[in-house]
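Presented below is the structure to which this report refers.
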Amino acid sequence: MNVIMPYVLPVLFALVIVALLPLLAGYIVLVERKVMADMQVRLGPMRVGPHGLLQPIADAVKLLLKEDIIPENADRLVFWGAPLISVTAAMLALAALPIGPFFQIADLNIGLLFILGVSSLGIFGIVLGGWASNSHYSLLGALRSAAQLVSYETSAGLAIVGALLLAGTLSTRGIVQAQSATGWWFIFVAPVGFFIYLVASIAETNRAPFDMPEAESELVAGYMTEYSGFRWALYFLAEYTNMIVVASIATTLFLGGWLRPFANTPLFNFLDYLPPLLMLGVAGYCFWRAPKQPVAVQKMFMVAVGLLCIALTLALAMPLAAPAGSLLASSKAGIHGAFWFLFKVAAYIYVFMWLRFTFPRYRFDQLMRLGWQFLVPLSIVNVMGMGLGLALHRQLNWPAAPALILGIVLTLAAGAYLLATGEKHEHPRVGEEEETSVDA
Amino acid sequence: MAERYKTAGTNVETTVLGADEIILNMGPQHPSTHGVLRVKLRLDGEKVVGSECVIGYLHRGVEKIAEHRNYQQFAPYVDRMDYVAAVSNGLGYCEAVEKLLGVEAPPRARVIRTILTELQRIASHLFWLGTHALDIGALTPLFYCLREREEILKIFEKYCGARLTTHAFRIGGMQYEAYDELEKDVERFCKDFDKRVDEYEALLTENRIWVGRTKGIGVLTADAAIAMGVTGPVLRASGVQWDIRKAMPYAAYDQYEFSIPTGKSGDTYDRYLVRLEEMRQSRKICLQAIEKIPAGPILGKVGKVLKPPPGEIYHSIEGPKGELGYYIVSDGTTQPYRVRIRPPSLMNLEALDQMIRGHLVADVVAVIGTLDIVLGEVDR
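Printed below as a string of structure tokens:
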């Protein structure tokens, strides 16, 4: 019995994640479409369910029922297995991330390395899928993707090193606890690192403006061109899971993980009431709008969403109301921690969407130049700047603030220098291109 | 057939491929070839070393149909060529037949024609801007552009009941009198429109990514542009100040003041700036035109049955995409003997190969977008 017990909870958590993740990814897609519609003076999906709330379900059903097509000349086995690799790698990475202080499948002492390593495996799914499709578009998409991921993995890794220096541990839980101990989220201590990670993570998840591998207007759908139905859905799931993973890493490393804003300041304790009030507000809105829905099913659905929000309100409010020391009150850290973690993840993903609908797309060579000539040097300088600041602080006993600010300023100066010299190489291709002739 | 291709020297398939080259077939089903254009690309990695356009997927035999319809009956067909600028197509055709008949549209009709055609130019450029930005990856400007285009289409709808294929004009003038609120509607549109163009500029003009994607891409020198018969904004962006509205005024353009924007380097960025400025100039023309619309009849003296004297005529107008010309041969009957249409999109498309060589696949999409082709017009 004692052999099994330690594994019960992690397995339970894992089941919850595997069961909920597809649903969550579906709803992120819906939110993305709604956000896009909002920015583009449209309404977005409105047909399936009230305000299109059932759209992800309809999409999932459609994808599951679609004919499973494997192209004639494809490598069947690899074509079949590639999406599985992508999805598995993306989901595995979630194992080491702490969603709140209690909800974590495994607190590995090399947590961050595990996440980085496993999520990089997803690239195999993309490359193999593109190759197995036996199509030019897929192949080009896959090759672009491979080059892009390798390039930006470097700067993302180096950006993370900056935060690791501050935390002094690779354990994801330990990193959050380090931020809790000092009271400063690492985004304020290492803003350059956060910026580098933000850019690199957008590129790593193949999101616009770096969505080269699946640049719709160029390569149709990149490595996914030949995929349809459920296999395509798996790739899609992998992509959105990857978004959640990078957002979770950023939250854990830079945004204080499950910590409430101003967690150590009693003055801001009223922020504890924010989550239940937010949920109550959403519930109120649902009940207010329910009678105005045109169809009975939609009314019921709206009420159901409202009741769900009420339940969440209770879950968030009860630990606050319960007498101190009781079991309910002690669950506060877990429940509120999960809320704040998911809230930050959602905000991070929102930034992704915002950027996607604002910017044009980089060209492939520009993307590579940005990666290697700007981000990688900047992230190396950033590590050195952080190191310098910490050395001054820990070895020479400087106060923390001036030491770290000195490091940041030096890093920014290096960044400005890189930008200034990068301008010169901005348009080197025209004119310098060697003449090529196709005529036989 | 194969022989001809070989002598033309452009066929990408019959040439010997290097070990590191592939042929990529773009279209006719492709999200950003603007319809059913098919481009065979010969790639070295992602670099384009040769290309060949295959057209004709939307060929409907418009010119042949003309020989079996009488002059009035053919007018609605021209709307279906460049379907994002139907009013301009109609204007060109009606004026060509009028020239052949030797009649002139009354002044009132000519002014209203000018207003509607300029609105159509704005609508066409808006659609170009939206899709061009979409091709380069900016998803949002498309919807802002369509929002403004919608206002123009509403004016068309109020005027003649149709939004897209309007058949707005008749030979000899116009069929419908302008509705009462036309001036007010146009004025309201023009009042907001300058600010809206500023908004697009705020989104794109200074954007580092946009500039990086368009500057120095698809350069077309003035000499090359003239040699290939390229017209319209593409020609003007190469620095040639040629606009038929000024050079050979038609409709009521000689009465209005406007300038012809030109570019310097003939790259995609210049073409973008030229078209944006053209929208502002079109707005200026509209504002001048609504100030004073002359009273009088809207239809000149043309008979019910049109029988132009035997002869031939070439008349061209400055369409949104370039010189739109009609060459009509009459044999004295009620049906044209031959109608030949000079579509600006087709001539501009011929520059594609030269513009994309040495660039990357992503630039091909940008260049197709910047040429502003409509396949309905290319294939006819």
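Residue numbers (this note's numbering), protein chains in the order written: chain A, 5 to 444; chain B, 913 to 1292. We treat Cβ as the ideally placed atom computed from N, Cα and C, and that holds for glycine.
{"Check": "Leaving out the 5 sequence neighbours to the left and right, which residues in its chain are closer than 7 Å to residue 436/A when beta-carbon positions are compared?", "Outcome": "Caution is warranted here: a pLDDT of 41 is assigned to residue 436/A, below 50, making its placement in the model unreliable, and no coordinate value can be reported."}
{"Check": "Kindly provide the ranges of any alpha helix (DSSP H) runs that are 4 or more residues long and lie completely inside the stretch 964 to 1039 of chain B, ordered along the chain.", "Outcome": "974 to 978, 983 to 991 and 998 to 1013"}
{"Check": "With DSSP as the reference, label residue 1131/B as helix, strand or coil.", "Outcome": "coil"}
{"Check": "Counting only beta-carbon atoms, is residue 277/A nearer than 7 Å to chain B?", "Outcome": "no"}
{"Check": "State the CB to CB distance for the pair residue 1148/B and residue 1173/B, rounded to an integer number of angstroms; the pair is presumed to be in contact (CB under 8 Å).", "Outcome": "7 Å"}
{"Check": "Could you confirm whether any beta carbon from chain A is found closer than 7 Å to the beta carbon of residue 1136/B?", "Outcome": "no"}
{"Check": "Please name the residue in 955/B, 993/B, 1285/B and 1062/B whose C-alpha comes closest to that of residue 1105/B.", "Outcome": "1062/B"}
{"Check": "Considering only their Cβ atoms, is the gap separating residue 313/A from residue 294/A smaller than 7 Å?", "Outcome": "no"}
{"Check": "Between residue 1245/B and residue 1183/B, is the Cβ-Cβ spacing less than 7 Å?", "Outcome": "no"}
{"Check": "Residues in the same chain with beta-carbon distance under 8 Å from residue 20/A, minus the five sequence neighbours each way, listed in chain order, please.", "Outcome": "none"}
{"Check": "Please tell me whether residue 37/A has its Cβ less than 7 Å away from any Cβ of chain B.", "Outcome": "no"}
{"Check": "What's the C-alpha gap between residue 107/A and residue 1114/B?", "Outcome": "45 Å"}
{"Check": "Should the stretch 987 to 994 of chain B be regarded as contacting the stretch 1245 to 1257 of chain B, the criterion being three or more beta carbon pairs within less than 8 Å?", "Outcome": "yes"}
{"Check": "For the stretch 1155 to 1198 of chain B, which segments carrying the beta strand (DSSP E) assignment without a break, of at least 3 residues, lie completely within its bounds, in sequence order?", "Outcome": "none"}
{"Check": "Just mark residue 1169/B as buried or exposed, buried being the case when its beta carbon has 16 or more other beta carbons within 10 Å.", "Outcome": "exposed"}
{"Check": "Judging by CA-CA distance, which residue of 195/A, 202/A, 208/A and 174/A is the nearest neighbour of residue 153/A?", "Outcome": "208/A"}
{"Check": "Let me know the secondary structure DSSP gives residue 962/B once reduced to three states.", "Outcome": "strand"}
{"Check": "Check whether the Cβ atoms of residue 1156/B and residue 1012/B sit closer than 7 Å, and answer yes or no.", "Outcome": "no"}
{"Check": "For a contact defined as C-beta to C-beta under 9 Å, what are the partners of residue 958/B on chain D?", "Outcome": "Considering every chain present, this structure includes no chain D. Its protein chains are A and B."}
{"Check": "For the stretch 1093 to 1119 of chain B, enumerate the residues whose C-beta is nearer than 7 Å to any C-beta of chain A, in chain order.", "Outcome": "1119"}
{"Check": "Please classify residue 370/A as buried or exposed, where buried requires at least 16 neighbouring CB atoms within 10 angstroms.", "Outcome": "buried"}
{"Check": "Excluding sequence positions up to five away, which residues of its chain have a Cβ less than 7 Å from the Cβ of residue 246/A?", "Outcome": "94, 123, 126 and 209"}
{"Check": "CB residue 132/A to CB residue 82/A, shorter than 7 Å?", "Outcome": "yes"}
{"Check": "Would you identify the three-state DSSP class for residue 397/A, choosing helix, strand or coil?", "Outcome": "helix"}
{"Check": "How many Å lie between residue 354/A and residue 52/A at the Cα?", "Outcome": "23 Å"}
{"Check": "Taking 7 Å as the threshold (beta carbon to beta carbon), is residue 1141/B in contact with chain A?", "Outcome": "no"}
{"Check": "Does the beta-carbon of residue 1176/B have 16 or more other beta-carbons within 10 angstroms, so that it is buried, or is it exposed?", "Outcome": "exposed"}
{"Check": "Assuming residue 1285/B contacts residue 949/B under a Cβ cut-off of 8 Å, what Cβ separation, rounded to an integer in Å, is found between them?", "Outcome": "7 Å"}
{"Check": "Is residue 167/A closer than 7 Å to residue 187/A when the C-beta atoms are compared?", "Outcome": "no"}
{"Check": "With distances taken between CB atoms, is the gap from residue 983/B to residue 1218/B smaller than 7 Å?", "Outcome": "yes"}
{"Check": "Leaving out the 5 sequence neighbours to the left and right, which residues in its chain are closer than 6 Å to residue 1097/B when beta-carbon positions are compared?", "Outcome": "1067"}
{"Check": "Distance cutoff 7 Å, beta carbons only. Does residue 1052/B sit that close to anything in chain A?", "Outcome": "yes"}
{"Check": "Looking only at C-alpha atoms, which of 281/A, 56/A and 184/A sits nearest to residue 170/A?", "Outcome": "184/A"}
{"Check": "Could you pull the start and end residues of the beta strand (DSSP E) that residue 1241/B belongs to?", "Outcome": "1234 to 1242"}
{"Check": "If we count the other Cβ atoms within 10 Å of its Cβ and call it buried at 16 or more, is residue 65/A buried or exposed?", "Outcome": "exposed"}
{"Check": "Within the same chain, show all residues whose beta-carbon is closer than 7 Å to that of residue 892/B, passing over the 5 residues directly before and after it, in chain order.", "Outcome": "Outside the shown range of chain B, which is 913 to 1292, sits residue 892/B, and nothing can be said about it."}
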